[in-house]
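Undergrad: Submitted below is the structure of interest, expressed as structure tokens.
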Amino acid sequence: MPDLPIPQDAAEAALFSECWDAVLSYADLCTSGSLAANELATEAFALGMREARDTDPAAVRSGGRRSARLPMIPLLLTAVRNTAAGWETAGVGHKLDPDLRLWLNSEKATRYTGLPLQRPVALRGLRDMQEADAALLWLAEVEALPLPSVGRRLGLDASVAAQELEQVRGLFRDRCHRAHLDTPMAAECRSYARLLDAVTRSAAAETPEDLSRHLATCVQCAEAAACLRLHGGGLPAALAGGVVGWGGLAYLERRRRAAEVRLGAGRPGTADTDGGDPKEGAGRGRVLRHGLLGAAVLISLVALGVSMMPMGGGSDDDAAAASHDDRRPVADPASVSPPVHPSATHTASAVPSASAATGRPADTNPDPEPQGTSTAPAGTGDRATGPVSASPSPTHSAAATCRVTYDLVNQWTDGFQATVSVTTTEALSGWQVGWTFRDGQKVTQMWDANVSQSGGRVSADSADYNRSVTPNGTLSFGFLGTWSGRNSAPAAFTLNGDSCAQG
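Following the numbering used here, the numbering of the sequence shown begins with 909 at its first residue and continues without gaps.
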């Protein structure tokens, strides 16, 4: 597995921080385990960055030509897809989602890498735009970032960003219309091209019955209609499906949920006054303060832990795949700064830690979407899940004895990551682990458990998929938190109301 490239300057370091979570999120959709997702994301990120450096947009702009590449996030997402195709060809396709493997070996996949004029209209239209315009459209429509946040990333005022977005939408429509007309098509499709352009311009225009029947049977014209119709809310799906390909709808749903977390689960006292990403400005400043190498740490354990929300693999033809797995919500990577692992003695590593998650081997897991685990051997769950609705009350085991291990994995200026592992001598069909923070720490996100906190007292309830624990088994979960002043270990651990020994 290749190492991630070292950022060449502060701008590229910030770019790493902004893009890694998106890459890992899509890689997680494409694979059958979190370790494979991390490997695929790392390899694709290195590939995408090499491509980006080979097609420097500054050189393109200086020549007065359109951008020779997609904006960074979609460029990296296509690198994930292409890397996955390389895995399949190289004989390691068992690491990939089974539905993705079927897609890669179908005619659908060849559309994204075949003759340029036969590629999806959205992909061609986005590539034909100036990179800054294409980035504005992608960040606002697919990544679902608030316009103030998008404006900051692109150096635009919030009010200017709103005006620019409307213009960019129209520009994207024009590019897609031209791409559609340039596409080799059947005579029937050609006869409907002008009518299709007319009825998609206005929300009030009615689609004639014959055109409606044609769109129901012609994938090519239906994709074009989705790109040309700017009203109705279908543009994000058209972009994600047309550019990403397999899993585009599921990826879109993940990014929307991640945006909701950014807006609703920021750190206490750090809400962005203009509605943008919490701590985004501070996060960039921290990257600059810690230097270029420090920025590469974003592909460490926290990046893997907080960005995964498995949605279940599936084709874009089934929109239900986008919301199939509601038990694993998305964590918000923008709310934390890149951590430094204690074992690294404060030296950043550009390679994601292999200990980021302990996933089950793909060839022994009948479910292509790995779950967080509570197993007899000590270990951690292999899926990162954020806060969800409270689970049913756990089943209390009489006189259960337990021992808890609290591990401070990472700590930085105002935040930290920790894991809790509890070994119980008796079988459990549900569990609740409690503890008390002594220094006012707050849990901001948790995976493999559902968190609630009142003052210093924290409760972590089992998720639906890891409620059962075997005798002498170990349950594990992790979380992110904030601290100020001191960050001492918590005390008074309990399991289902019974005190636990610490050690």
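Ideal placement from N, C-alpha and C gives every residue a C-beta, glycine not left out.
1. Taking the straight line between their C-alpha atoms, what separation do you get for residue 1322 and residue 1368?
2. What's the C-alpha gap between residue 1078 and residue 1110?
3. Name the two residues that bound the continuous alpha helix (DSSP H) containing residue 1097.
4. Can you tell me where the beta strand (DSSP E) with residue 1064 in it begins and where it stops?
5. As a quick exercise: from 940, 937, 963 and 931, pick the residue whose alpha carbon is nearest that of residue 951.
6. Taking 9 Å as the threshold (C-beta atoms), are residue 1050 and residue 1144 in contact?
7. Would a check of beta-carbon distances place residue 931 closer than 9 Å to chain C?
8. Span of the beta strand (DSSP E) holding residue 1343?
9. Could you compute how far the alpha carbon of residue 1331 sits from the alpha carbon of residue 1315?
10. Cα separation between residue 1037 and residue 1135?
11. Tell me the rounded alpha-carbon separation between residue 1264 and residue 1406.
12. Go through its chain and collect everything with a Cβ distance to residue 949's Cβ below 6 Å, but skip five positions before and after it.
13. Is the beta carbon of residue 1127 less than 9 Å from the beta carbon of residue 989?
14. Can you list, in chain order, the residues of its chain whose CB lies under 7 Å from that of residue 1001, leaving out five sequence neighbours each side?
15. If you run the structure through DSSP and keep just helix, strand and coil, what is residue 936?
16. Please name the residue, chosen from 962, 1107 and 1372, that lies closest to residue 1123 on a Cα-to-Cα basis.
17. Give me the Cβ distance between residue 1336 and residue 1366, rounded to the nearest whole Å; I'm assuming they're in contact under 8 Å.
18. Reducing DSSP to helix, strand and coil, say where residue 1394 ends up.
19. Take the Cβ of residue 1087 as the centre, count every other Cβ of all protein chains shown within 10 Å, and call the residue buried at 16 or more, exposed below.
20. Give the range of the beta strand (DSSP E) segment to which residue 1367 is assigned.
21. Thinking C-beta only, is residue 1033 closer than 9 Å to residue 1097?
22. Output the boundary residues of the alpha helix (DSSP H) element that contains residue 950.
23. State the CB to CB distance for the pair residue 1352 and residue 1390, rounded to an integer number of angstroms; the pair is presumed to be in contact (CB under 8 Å).
24. Taking only the alpha-carbon atoms, compute the straight-line gap between residue 1320 and residue 984 and give it to the nearest angstrom.
25. According to DSSP, simplified to helix, strand and coil, what is residue 1311?
26. Three Cβ pairs or more, each shorter than 8 Å: is that satisfied between the segment 1393 to 1406 and the segment 1338 to 1355?
27. Closer than 8 Å by C-beta to residue 1092: which residues in its own chain qualify, once you throw out the five before and the five after it? Chain order, please.
28. Roughly how many angstroms lie between the CA atoms of residue 944 and residue 1019, to the nearest whole one?
29. Let me make sure I understand the geometry here. Which of 998, 991, 1003 and 946 has the alpha-carbon closest to that of residue 940?
30. State the CB to CB distance for the pair residue 987 and residue 956, rounded to an integer number of angstroms; the pair is presumed to be in contact (CB under 8 Å).
31. Could you please give the first and the last residue of the uninterrupted alpha helix (DSSP H) stretch that includes residue 990?
32. Using only CA atoms, which one of 1080, 1130, 1112 and 1074 lies nearest to residue 1101?
33. Secondary structure at residue 1113, three-state DSSP: helix, strand or coil?
34. Kindly give me the distance between the Cβ atoms of residue 1325 and residue 1403, rounded to whole angstroms, as I take these residues to be in contact under 8 Å.
35. Among 1113, 929, 1349 and 1150, which one has its Cα closest to the Cα of residue 1362?
36. Looking at residue 1147 and residue 1030, is the spacing between their C-beta atoms short of 9 Å?
TA: On the basis of the data shown:
1. Numbered from 1 along the sequence shown, position 414 holds the residue referred to as residue 1322. Numbered from 1 along the sequence shown, position 460 holds the residue referred to as residue 1368. Each residue's Cα considered, the two are about 22 Å apart.
2. One-based indexing of the sequence shown puts residue 1078 at position 170. One-based indexing of the sequence shown puts residue 1110 at position 202. Using only the alpha carbons, I get a separation of about 12 Å.
3. What you label residue 1097 is simply residue 189 of the sequence shown in a count that begins at 1. Going by DSSP, residue 1097 is part of the alpha helix (DSSP H) stretching over 1095 to 1107.
4. To locate residue 1064, count along the sequence shown from 1; it is residue 156. Segment: none, residue 1064 is in no beta strand (DSSP E) and carries neither H nor E.
5. Within the sequence shown, residue 951 is the residue found at index 43, counting from 1. When each option's Cα is compared against that of residue 951, the closest is 931.
6. By 1-based counting over the sequence shown, the position of residue 1144 is 236. By 1-based counting over the sequence shown, the position of residue 1050 is 142. Yes.
7. The structure shown has no chain C; it contains just one protein chain.
8. Here residue 1343 refers to the residue found at position 435 of the sequence shown. Note, residue 1343: beta strand (DSSP E), 1340 to 1344.
9. As a working mapping, residue 1331 is identified with position 423 in the sequence shown. As a working mapping, residue 1315 is identified with position 407 in the sequence shown. Between residue 1331 and residue 1315, the C-alpha separation is close to 14 Å.
10. The residue labelled residue 1037 in the question sits at position 129 within the sequence shown. The residue labelled residue 1135 in the question sits at position 227 within the sequence shown. Between residue 1037 and residue 1135, the C-alpha separation is close to 14 Å.
11. Position 356 of the sequence shown, counting from 1, holds the residue named residue 1264. Position 498 of the sequence shown, counting from 1, holds the residue named residue 1406. Only weak support exists for where residue 1264 lies, its pLDDT of 36 falling under 50; the value from the coordinates is given anyway. Roughly 30 Å separates the two Cα atoms.
12. Within the sequence shown, numbered from 1, the residue matching residue 949 stands at position 41. These residues qualify, in order along the chain: 931, 932 and 935.
13. Position 219 of the sequence shown holds residue 1127. Position 81 of the sequence shown holds residue 989. No; because the gap between Cβ atoms is not below 9 Å, this pair is not in contact.
14. By one-based count along the sequence shown, residue 1001 stands at place 93. For residue 1001, where only same-chain residues beyond five positions count, the Cβ hits under 7 Å are 995 and 1009.
15. Residue 936 sits at position 28 when you count from the first residue of the sequence shown. Helix, per DSSP.
16. The residue labelled residue 1123 in the question sits at position 215 within the sequence shown. When the alpha-carbon of residue 1123 is set against those of 962, 1107 and 1372, the nearest one is in 1107.
17. Looking up residue 1336 in the sequence shown gives position 428. Looking up residue 1366 in the sequence shown gives position 458. Between residue 1366 and residue 1336 the Cβ distance is about 19 Å, and since that is not below 8 Å, they are no contact.
18. Translated into positions along the sequence shown, residue 1394 becomes position 486. When DSSP states are grouped into helix, strand and coil, residue 1394 belongs to the strand group.
19. The residue given as residue 1087 occupies position 179 in the sequence shown. Buried: at least 16 other Cβ atoms inside 10 Å.
20. Along the sequence shown, one-based indexing puts residue 1367 at 459. Where residue 1367 is concerned, the enclosing beta strand (DSSP E) stretches over 1365 to 1369.
21. Numbered from 1 along the sequence shown, position 189 holds the residue referred to as residue 1097. Numbered from 1 along the sequence shown, position 125 holds the residue referred to as residue 1033. The beta carbons of residue 1097 and residue 1033 sit no closer together than 9 Å.
22. Sequence index remark: in the sequence shown, residue 950 carries index 42 (1-based). Start and end: 942 to 962.
23. For this step, residue 1352 is matched to residue 444 along the sequence shown. For this step, residue 1390 is matched to residue 482 along the sequence shown. At roughly 6 Å, the Cβ-Cβ gap stays under 8 Å, so residue 1352 and residue 1390 are in contact.
24. Within the sequence shown, the letter at position 412 stands for residue 1320. Within the sequence shown, the letter at position 76 stands for residue 984. Distance between the alpha carbons of residue 1320 and residue 984: 28 Å.
25. As a working note, residue 1311 is residue 403 in the sequence shown. Residue state for residue 1311 is assigned as strand, using DSSP reduced to three classes.
26. Yes, the segment 1393 to 1406 is in contact with the segment 1338 to 1355.
27. To locate residue 1092, count along the sequence shown from 1; it is residue 184. Answer for residue 1092: 1025 and 1026, listed in chain order.
28. Working through the sequence shown from its first residue, we reach residue 944 at position 36. Working through the sequence shown from its first residue, we reach residue 1019 at position 111. If I take the Cα positions, the gap works out to 26 Å.
29. Numbered from its first residue, the sequence shown carries residue 940 at position 32. When each option's Cα is compared against that of residue 940, the closest is 1003.
30. Here residue 987 refers to the residue found at position 79 when the sequence shown is read from its first residue. Here residue 956 refers to the residue found at position 48 when the sequence shown is read from its first residue. The pair is a contact, with the Cβ atoms about 4 Å apart (cut-off 8 Å).
31. As a first step, residue 990 must be located in the sequence shown, where it is residue number 82. Where residue 990 is concerned, the enclosing alpha helix (DSSP H) stretches over 980 to 998.
32. Mapped onto the sequence shown, residue 1101 falls at position 193. Selected option, being the one with the closest Cα: 1130.
33. Mapped onto the sequence shown, residue 1113 falls at position 205. Here residue 1113 sits in coil by DSSP.
34. Taking the first residue of the sequence shown as position 1, residue 1325 is located at position 417. Taking the first residue of the sequence shown as position 1, residue 1403 is located at position 495. Not quite, the Cβ-Cβ distance comes to about 22 Å (not below 8 Å), so this is no contact.
35. By one-based count along the sequence shown, residue 1362 stands at place 454. Looking at the Cα atoms, 1349 is the closest of the given residues.
36. Reading the sequence shown from its first residue, position 122 is the one you call residue 1030. Reading the sequence shown from its first residue, position 239 is the one you call residue 1147. Cβ distance < 9 Å, so residue 1030 and residue 1147 count as in contact.
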